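Asks:
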Amino acid sequence: PYDVLIVGGGPAGAAAAIYAARKGIRTGVVAERFGGQVLDTLAIENFISVQETEGPQFATALEQHVKAYDVDIMNVQRAEALVPGDKLIEVKLANGGVLKGKTVILSTGARWRNVNVPGEQEYKNKGVAYCPHCDGPLFKGKRVSVIGGGNSGVEAAIDLAGIVAHVTLIEFAAELKADAVLVRKLKSLPNVTIVTSAQTTEITGDGQRVNGISYKERETGEIKHVPLEGVFVQIGLVPNTEWLKGTLALSKHGEIEIDAKGQTSIPGVFAAGDVTTVPYKQIVIAVGAGATAALSAFDHLIRSSAD
Ligand code: FAD
């Protein structure tokens, strides 16, 4: 068995692997897609000490760093079940294999919910964005739209309003669902237009980049088009925990509940990164959380090896 078995090979899993391996203990990483979300990212400008890089380049650097240590990387393998046991914890794979760990670190990440309208896929990273903390500055002085009037959408609109020229917030329901204090703040901003009861129908572009957004006024059925340069989709971040339902404590959003040490509700099982209840989903935060989880797993091992 592994001393530390890590499920997920994004920034959190890579950091956990390096921290575990540096303790000289048997470490394995199983990942559906080593690199994780950064593989889908273009510019990364907020990983501290690296002024500017690109997602695929960052993912290669993660893999190189992990490979500098004695770590078993099992890529293109999907975990389907977690089976806690007395001494060993099992991870069942889609290919029928079973891996065992004295401790397990879950770092399966999350994915942004898509609006699924024409133009979204075509203009991803060409005006269509999902992370205001990441991509907001790329739209400095430009016009953008935020799709979604929940807390994340309204927070994004407030954040972006300080950077961009103008924000159009589009909400499907008749009212914004965000907390009242956020809605009040949003309404106080001079460069924000709020459109409710509106269904986004298309993200338009010139073949190269986004040039506008179309929505249907749900009361009149009329289609409106707003010319702009960017669209932030803010209709939810979905944690990759479908395979864990019923085995350990999840929040109402499906995130793995952890404490400050990355401990989950199952002894010996830790979690890190976007898949957890950690506030703010960012690379630098996932990397720190991966280190925390690995150190906690090591601590668990030295405390349980006596019996
Ligand atoms: P992930 O990166 O999601 O990695 C999860 C890993 O788990 C992957 O290897 C995946 O294949 C694997 N996995 C999932 N399910 C299973 C399973 N059942 N079995 C086995 N393996 C599984 N953050 C920034 O800080 N700066 C940015 O500029 C930035 N830009 C972004 C741009 C885009 C387009 C996106 C989508 C995200 C961006 N982010 C950015 C967010 C950042 O990518 C995430 O916060 C970070 O990748 C989270 O790391 P993670 O390791 O927790 O999860």
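If you're matching positions, the sequence shown starts at 214 in the UniProt record's numbering and goes up one per residue. Ideal placement from N, C-alpha and C gives every residue a C-beta, glycine not left out. Here the structure is a predicted model, which means the values were calculated and not measured.
Using only alpha-carbon positions, find the residue among 445, 323, 300 and 322 that is nearest to residue 337.
Replies: Checking every option, the nearest Cα to that of residue 337 belongs to 445.
Asks: If contacts are defined as beta-carbon pairs under 8 Å, then residue 486 and residue 503 qualify, I think. What distance do you get, rounded to the angstrom?
Replies: Indeed, because the Cβ distance is near 6 Å, the residues count as touching under 8 Å.
Asks: Tell me which residues share the same chain as residue 272 and place their Cβ nearer than 6 Å to its Cβ, disregarding the 5 neighbours each side in the sequence.
Replies: Once the five neighbours on either side are set aside, the close Cβ partners of residue 272 are 248, 251 and 252.
Asks: In whole angstroms, what separates the C-alpha of residue 331 from that of residue 433?
Replies: Roughly 22 Å separates the two Cα atoms.
Asks: Whole alpha helix (DSSP H) runs in the stretch 441 to 468 with 4 or more residues, listed along the chain?
Replies: DSSP runs (the alpha helix (DSSP H)) wholly in the stretch 441 to 468: none.
Asks: Go through the stretch 229 to 264 residue by residue and report every complete run of the beta strand (DSSP E) that reaches 3 residues or more, in order.
Replies: Within the stretch 229 to 264, the complete beta strand (DSSP E) runs of at least 3 residues are 240 to 244.
Asks: Please look up how many angstroms separate the CB atoms of residue 488 and residue 259, rounded, as I've assumed it's under 8 Å.
Replies: Contact doesn't hold; Cβ gap of about 20 Å is too wide.
Asks: At which residues does the beta strand (DSSP E) containing residue 397 begin and terminate?
Replies: No beta strand (DSSP E) contains residue 397, which is instead part of the alpha helix (DSSP H) from 393 to 400.
Asks: Let me check understanding here. Comparing Cα to Cα, which of 343, 377, 376 and 352 lies closest to residue 495?
Replies: When each option's Cα is compared against that of residue 495, the closest is 343.
Asks: Please name the residue in 484, 354 and 515 whose C-alpha comes closest to that of residue 319.
Replies: It is 484 whose Cα lies nearest to the Cα of residue 319.
Asks: From the DSSP output, in three-state form, read off residue 276 for me.
Replies: Note: residue 276 maps to helix in three-state DSSP.
Asks: Among 411, 455 and 321, which one has its Cα closest to the Cα of residue 436?
Replies: Comparing Cα-Cα distances from residue 436 to each of 411, 455 and 321, the minimum goes to 411.
Asks: For residue 505, which three-state DSSP category applies?
Replies: Three-state DSSP puts residue 505 in a helix.
Asks: Could you check whether residue 295 and residue 302 sit closer than 9 Å to each other, using their CB atoms as the reference points?
Replies: Closer than 9 Å, so yes.
Asks: Would you check whether ligand 3 has a heavy atom nearer than 8 Å to the C-beta of residue 254?
Replies: Here the bound small molecules are ligand 1; ligand 3 is not part of this structure.
Asks: Here's the rule I'm using: 16 or more other beta-carbon atoms within 10 Å means buried, otherwise exposed. How should residue 406 be labelled?
Replies: By the neighbour-count rule (16 or more Cβ atoms within 10 Å), residue 406 is not buried but exposed.
Asks: Does residue 285 come out as helix, strand or coil in the three-state DSSP assignment?
Replies: The answer is strand: DSSP assigns residue 285 an E or B state.
Asks: Nearest by alpha-carbon distance to residue 309: which of 299, 291 and 297 is it?
Replies: Residue 291 is the option with its Cα nearest to residue 309.
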